[in-house]
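A quick write-up on the structure given underneath.
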Amino acid sequence: MTLSPVKQTLRYDQVSCRLQVEGLPDVSIGQGGEALGIITGWSLRWSGRPELEGRKDHLLALMAVVLPYARHLISGVARPFGGPDSPVTIAPREQGGHNLELRSSQPDVAPLTVELDDAELADLVRVLDQLRLDPRLQVKLELPEPQPLHPREVLERVPLRRRLVAPVGGALAVAVAAALGLLLPEPRPLPPSPEAPLSPEAVQQRGEP
Amino acid sequence: MPQAPAAPEPPAASQLPPLSRRGLERLDLLLLSAEALDLNGGEAMVWMSEQLGFTGLFANRVELWKRRCHNPLRRATRRGDLSPAETDALIRILSALADRLYPLLRALLSSAEPEPVRLQRWQLFEGRLAELVRERMNPRRVGVQTLLDPQRGERQRRQLIRALAYGAGNGGYERLRASLHDPVV
Numbered sequence: 068m069t070l071s072p073v074k075q076t077l078r079y080d081q082v083s084c085r086l087q088v089e090g091l092p093d094v095s096i097g098q099g100g101e102a103l104g105i106i107t108g109w110s111l112r113w114s115g116r117p118e119l120e121g122r123k124d125h126l127l128a129l130m131a132v133v134l135p136y137a138r139h140l141i142s143g144v145a146r147p148f149g150g151p152d153s154p155v156t157i158a159p160r161e162q163g164g165h166n167l168e169l170r171s172s173q174p175d176v177a178p179l180t181v182e183l184d185d186a187e188l189a190d191l192v193r194v195l196d197q198l199r200l201d202p203r204l205q206v207k208l209e210l211p212e213p214q215p216l217h218p219r220e221v222l223e224r225v226p227l228r229r230r231l232v233a234p235v236g237g238a239l240a241v242a243v244a245a246a247l248g249l250l251l252p253e254p255r256p257l258p259p260s261p262e263a264p265l266s267p268e269a270v271q272q273r274g275e276p
Numbered sequence: 013m014p015q016a017p018a019a020p021e022p023p024a025a026s027q028l029p030p031l032s033r034r035g036l037e038r039l040d041l042l043l044l045s046a047e048a049l050d051l052n053g054g055e056a057m058v059w060m061s062e063q064l065g066f067t068g069l070f071a072n073r074v075e076l077w078k079r080r081c082h083n084p085l086r087r088a089t090r091r092g093d094l095s096p097a098e099t100d101a102l103i104r105i106l107s108a109l110a111d112r113l114y115p116l117l118r119a120l121l122s123s124a125e126p127e128p129v130r131l132q133r134w135q136l137f138e139g140r141l142a143e144l145v146r147e148r149m150n151p152r153r154v155g156v157q158t159l160l161d162p163q164r165g166e167r168q169r170r171q172l173i174r175a176l177a178y179g180a181g182n183g184g185y186e187r188l189r190a191s192l193h194d195p196v197v
């Protein structure tokens with residue numbers, strides 16, 4: 068008689084959302100007990116919003132965009148994550164907050180956009196953190212470690228107009244100073260004073276030794 | 013008494029360079045924001061340091077305070093760098109404090125909260141932060157003046173709360189640490 072592995076459910080709750088991950092221990096590599104080595108499905112419930120469900124790939128895609136997005140927000144850089152081919156994208160909204168867009172792998176299913184405020188995004192980040200740091204989850208997630216920003220990203224954090232103020236202002240100041248300098252009349256050469264000592268050239272011109 | 017956090021692994025030898033002066037400034041301002049959210053924040057910081065096993069690095073509150081004084085905006089600023097182990101420990105303490113204060117941070121950031129209540133929460137936080145900044149920071153520094161300015165400093169104060177919310181907990185530690193090591197341009 069063989070025993071089938073027991074289905075495991077991991078659940079993480081925050082005020083606005085609940086993440087539930089279901090799976091099985093991978094008995095082929097000796098996992099047992101409470102371990103979850105194979106993710107069979109997951110769901111994310113939002114209060115007052117449609118429930119999101121998906122496979123392991125979708126969950127990984129969600130983590131791969133939401134966590135770096137939050138990392139950049141800590142540095143004050145709000146930029147979109149996830150390209151047009153990615154099943155999940157997240158981007159800042161002009162009027163404040165964030166747009167999380169999920170594209171189904173099923174054809175003819177329109178993308179679902181969830182609008183999140185800062186608190187809801189923080190809740191989502193926390194449930195994803197709880198999941199990835201849960202010792203019961205024994206799946207290699209392959210998420211990149213957070214890194215310091217590139218100098219270019221730090222520069223772009225400041226709006227272009229504000230970045231240009233100093234160099235443009237400096238160039239203008241130099242140009243105005245140069246223009247004013249050109250307006251000043253050239254000083255006339257002073258006539259030689261009779262009492263002034265003569266230069267050797269002037270002495271030679273007069274024919275004196 | 014708040015519940016003791018799960019003991020993290022001891023601070024690993026950092027692969028990142030020592031924290032820049034700008035990083036130290038941000039780290040101290042984030043710790044100050046945590047203090048502004050919690051009236052007993054100073055005590056909580058010492059307690060958290062002990063709970064996380066950092067008594068070897070910060071033997072007492074004075075040692076902890078001396079490390080924080082490396083912030084160049086302080087009235088009595090200290091020169092020199094902090095060791096990576098010390099900065100990592102301070103970031104761990106900050107993440108643990110933010111985790112403990114998460115309900116307050118969330119309430120400040122939530123748009124679902126009634127507007128008058130949210131505004132009152134922000135006023136309380138900003139008032140307390142301004143009090144702490146005036147008490148400890150050099151008022152001649154432009155950074156301090158901007159932070160205290162009701163209009164010009166609003167974005168920065170909101171950014172401090174956001175950084176605490178996204179950097180809360182063990183998961184947030186890595187994000188905070190990476191952010192504090194951002195290059196200075």
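From first to last, the protein sequence lines stand for chains A and B.
In this note's numbering, each number is its position in the first sequence, counted from 1, plus 67.
In this note's numbering, each number is its position in the second sequence, counted from 1, plus 12.
Positions of the beta carbon are idealized from the N, C-alpha and C atoms, including for glycine.
If you're wondering where the values come from, they're calculated on a predicted model, not measured in any experiment.
Checking contacts by CB at 8 Å: is VAL93 (chain A) closer than that to chain B? Position check: residue 93 (chain A) holds Asp in this sequence, whereas Val was assumed. Any Cβ of chain B closer than 8 Å to the Cβ of ASP93 (chain A) would place that residue at the interface, and such an atom is absent.
Counting only the same chain and skipping the five closest in sequence on each side, list residues whose C-beta sits under 8 Å from that of ARG160 (chain A). Setting aside the 5 residues that flank it on each side, ARG160 (chain A) is surrounded in the same chain by ASN166 and GLU182, each with a C-beta closer than 8 Å to its C-beta; the list follows chain order.
Can you tell me where the beta strand (DSSP E) holding GLN87 (chain A) begins and where it ends? DSSP places GLN87 (chain A) inside the beta strand (DSSP E), whose first and last residues are 84-91.
Identified DSSP bridge partners for ILE157 (chain A): In the DSSP output, where bridge partners are listed per residue, ILE157 (chain A) has A:PHE148 and A:LEU167.
Look up LEU188 (chain A) in the DSSP assignment and say whether it is helix, strand or coil. DSSP places LEU188 (chain A) in helix when its eight states are reduced to three.
Close Cβ partners of SER95 (chain B) (< 8 Å) along its chain, the five nearest in sequence each way excluded: These residues qualify, in order along the chain: PRO30.
Report yes or no: do three or more beta-carbon pairs, one from the region 180-190 of chain B and one from the region 212-226 of chain A, lie closer than 8 Å? Yes: the two stretches touch, three or more of their Cβ pairs being nearer than 8 Å.
Determine, using beta carbons only, whether LEU28 (chain B) and ALA175 (chain B) come nearer to each other than 8 Å. The answer is no: Cβ separation not under 8 Å.
Contact set for GLY35 (chain B): own chain, Cβ-Cβ below 7 Å, skip 5 residues either direction: Cβ within range, chain order: LEU192 and HIS193.
Whether LEU144 (chain B) touches ALA48 (chain B) by CB criterion (8 Å): Yes, they are a contact pair.
Under 8 Å between the Cβ atoms of LEU169 (chain A) and CYS84 (chain A)? Their beta carbons are not under 8 Å apart, which means LEU169 (chain A) does not touch CYS84 (chain A) by this criterion.
Beta-carbon of GLN214 (chain A) versus every beta-carbon of chain B: anything under 8 Å? Answer yes: the Cβ-Cβ gap between GLN214 (chain A) and chain B drops below 8 Å somewhere.
GLY181 (chain B): which of B:LEU159, B:ILE103, B:SER122 and B:ARG130 sits nearest, CA to CA? Comparing Cα positions, the closest option is B:ILE103.
Kindly list, in the order they appear in chain A, the residues whose Cβ is closer than 7 Å to that of ASP194 (chain B). SER142, PRO215, LEU216 and VAL221, listed in chain order.
Using a Cβ cut-off of 9 Å, pull out every chain B residue sitting near ALA131 (chain A), in sequence order please. Ordered by position in chain B, no residue passes the 9 Å Cβ test against ALA131 (chain A), which lies about 14 Å from the chain.
Please report the residue range of the alpha helix (DSSP H) in which VAL206 (chain A) lies. Segment: none, VAL206 (chain A) is in no alpha helix (DSSP H) and carries neither H nor E.
Quick check on ARG85 (chain A) - is its C-beta less than 8 Å from some C-beta in chain B? Cβ-Cβ to chain B under 8 Å: no for ARG85 (chain A).
Under 8 Å, do SER122 (chain B) and TYR185 (chain B) count as touching if we go by C-beta distance? Cβ distance not < 8 Å, so SER122 (chain B) and TYR185 (chain B) don't count as in contact.
Against chain B: residues of the region 190-202 of chain A by CB proximity under 9 Å: Within the region 190-202 of chain A, the residues whose Cβ lies closer than 9 Å to some Cβ of chain B are ASP190, VAL192, ARG193, LEU195, ASP196, GLN197, ARG199 and LEU200, listed in chain order.
Got a sec, what are the start and stop residues for the beta strand (DSSP E) GLY121 (chain A) sits in? It spans 119-121 - the beta strand (DSSP E) in which GLY121 (chain A) sits, taken as one unbroken run.
Alpha carbon to alpha carbon, how far is VAL129 (chain B) from LEU136 (chain B)? The straight-line gap from Cα to Cα measures roughly 11 Å.
Under 7 Å Cβ-Cβ, which residues of chain A neighbour ASN83 (chain B)? Neighbours of ASN83 (chain B) in chain A, taken as residues whose beta carbon is under 7 Å from its own, are absent, since the nearest beta carbon is some 18 Å off.
Coarse secondary structure for GLU101 (chain A), derived from DSSP in three states: Coil at GLU101 (chain A), not helix or strand.
Does any residue of chain A have a CB that is nearer than 8 Å to the CB of LEU186 (chain B)? The amino acid at residue 186 (chain B) is misidentified as Leu; the sequence shows Glu. For GLU186 (chain B), the answer is yes, since a Cβ of chain A falls inside 8 Å of its Cβ.
For GLN132 (chain B), count neighbouring Cβ atoms within 10 angstroms of its own Cβ and tell me buried if that reaches 16, exposed if not. Exposed, by the Cβ-count rule.
If distances are taken between C-alpha atoms only, which option among A:GLY150, A:ARG224 and A:ASP184 comes closest to GLY163 (chain A)? Looking at the Cα atoms, A:ASP184 is the closest of the given residues.
Mind listing which residues of the region 168-189 of chain A have their C-beta closer than 7 Å to chain D's C-betas, in chain order? Considering every chain present, this structure includes no chain D. Its protein chains are A and B.
Since GLU75 (chain B) is in the alpha helix (DSSP H), which residue starts that stretch and which ends it? Segment 73-80, the alpha helix (DSSP H) holding GLU75 (chain B).
Can you check DSSP and say which residues form a bridge with VAL181 (chain A)? Looking at the DSSP assignment, VAL181 (chain A) forms a beta bridge with A:LEU167.
Does DSSP classify THR76 (chain A) as helix, strand or coil? Reduced to three states, the DSSP call for THR76 (chain A) is strand.
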